[in-house]
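Notes to accompany the following structure.
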Ligand SMILES: Cc1ncc(COP(=O)(O)O)c(C=O)c1O
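Here it is, written out as structure tokens:
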């Protein structure tokens, strides 16, 4: 999906023109992958554009950096206010927000500590990630020949740019073989996650998802679905999932900011359940979207209307 340019990008406390958001080719991040980032959806609501779980995303950004000794020079409140400014400047009613913190230009060598930390926040218009029909019809996926990062190698709990080299391998292989997406196993052979999505299974009415110890990103959508299962009294377990459970599950679905809640129709050309969106997936999707569109009250306070934060003081004046 190509990026649709907007006017301004937030950089270290200032809104700058989109074209000026550039880095030097010798910035540390280019050679060594030293960045952490977020992806946040902003939905069109009666209160105007509202970011989904903005604080949780920005907290994860700070945590992702902290793991890498990369302390962000901006507070959680400042980052949330900055995202609101960027969305307001874009005049979009719904969009995707991309905060990135990276190690910039200065020193050369693996040691990143002498390089400045640059923080950018951009936003642009975005639709359904796995295709507009995917939410209803489901997608055909495969189990990847690539495993997710082994424990104590690249930390899966940090949403670091470097992890997405692994994601790219998973996704490119899936596309080359005619699938919409790949599911990675962890290095012990248990189900981990998609290249950019967490995964859930439904069997006999019980929902399960791999634990964080299976090399998964602690997805904000994953967390939201766990909360919705509890609200709807759907039994839910975080448990190690053997690969073959994917094939015999009644329903399997992906969750993620980009994928939202996307059913899987087949895995390795083996039909999942009835080969279409299952009843539990549908119920969770409906509840999820009802909250996001305002059809149901936002009982968990997941939505932050951008107007509530604009002027909260993120800009250097
Ligand atoms: C590898 C990976 N797993 C899971 C997710 C889902 O996380 P979230 O729901 O926070 O978008 C993402 C997307 O950010 C991801 O890139």
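In the working numbering, the protein residues as written are 4 to 320. Using N, Cα and C, we set each Cβ at its ideal position, and we do this for glycine too. The model shown is predicted, which means the values in this text are computed figures rather than measured ones.
Which two residues bound the contiguous alpha helix (DSSP H) that contains residue 206?
Premise fails: residue 206 lies in the beta strand (DSSP E), 201-206, not in any alpha helix (DSSP H).
Judging by CA-CA distance, which residue of 125, 45, 49, 34 is the nearest neighbour of residue 6?
With distances taken between CA atoms, residue 6 lies nearest to 125 out of 125, 45, 49, 34.
Anything with a beta carbon under 6 Å from a heavy atom of ligand 1 counts; list them all in chain order.
For ligand 1, the selected residues are 42, 170, 196, 199, 200, 201, 220, 222, 223, 224, 225, 258, 259, 260.
According to the neighbour-count rule (16 or more other Cβ atoms, all chains shown, within 10 Å of its Cβ), is residue 204 buried or exposed?
buried
Keeping to the same chain, check which residues put their C-beta closer than 7 Å to that of residue 171; ignore five residues upstream and five downstream.
none
Taking the DSSP output, what are the residues bridged to residue 211?
As computed with DSSP, residue 211 is found in a beta bridge with 204, 240.
For residue 22, name the three-state secondary structure that DSSP assigns.
helix
In or out: residue 139 buried (at least 16 other Cβ within 10 Å) or exposed?
exposed
With a threshold of 8 Å on Cβ separation, who are the neighbours of residue 230 within its own chain once the five nearest residues in sequence on each side are excluded?
303
What is the C-beta distance between residue 84 and residue 312, in whole angstroms, given that I count them as a contact (C-beta under 8 Å)?
5 Å
Would you mind working out which of 106, 86, 242, 97 sits nearest residue 28, comparing C-alpha positions?
With distances taken between Cα atoms, residue 28 lies closest to 106.
Taking the Cβ atom as the reference point for each residue, do residue 147 and residue 179 lie within a distance shorter than 8 Å?
no
Residues in the same chain with beta-carbon distance under 7 Å from residue 244, minus the five sequence neighbours each way, listed in chain order, please.
Counting only Cβ-Cβ distances below 7 Å, and skipping sequence neighbours, we find 193, 194, 204, 211, 213.
In terms of alpha-carbon separation, which member of 305, 235, 273, 247 lies closest to residue 289?
235
So, using beta-carbon positions, are residue 58 and residue 79 closer together than 8 Å?
yes
Could you please give the first and the last residue of the uninterrupted beta strand (DSSP E) stretch that includes residue 14?
11-14
List the residues that DSSP assigns as beta-bridge partners of residue 122.
The beta-bridge partner set that DSSP reports for residue 122 consists of 104.
In whole angstroms, what separates the C-alpha of residue 252 from that of residue 76?
45 Å
Please report the straight-line C-alpha distance between residue 33 and residue 264, rounded to a whole angstrom.
33 Å
Alpha helix (DSSP H) containing residue 321: first to last residue?
For residue 321 there is no data in the structure shown, the boundaries of the chain being 4 and 320.
For the alpha helix (DSSP H) that contains residue 283, what are its first and last residues?
DSSP places residue 283 in the uninterrupted alpha helix (DSSP H) bounded by 282-296.
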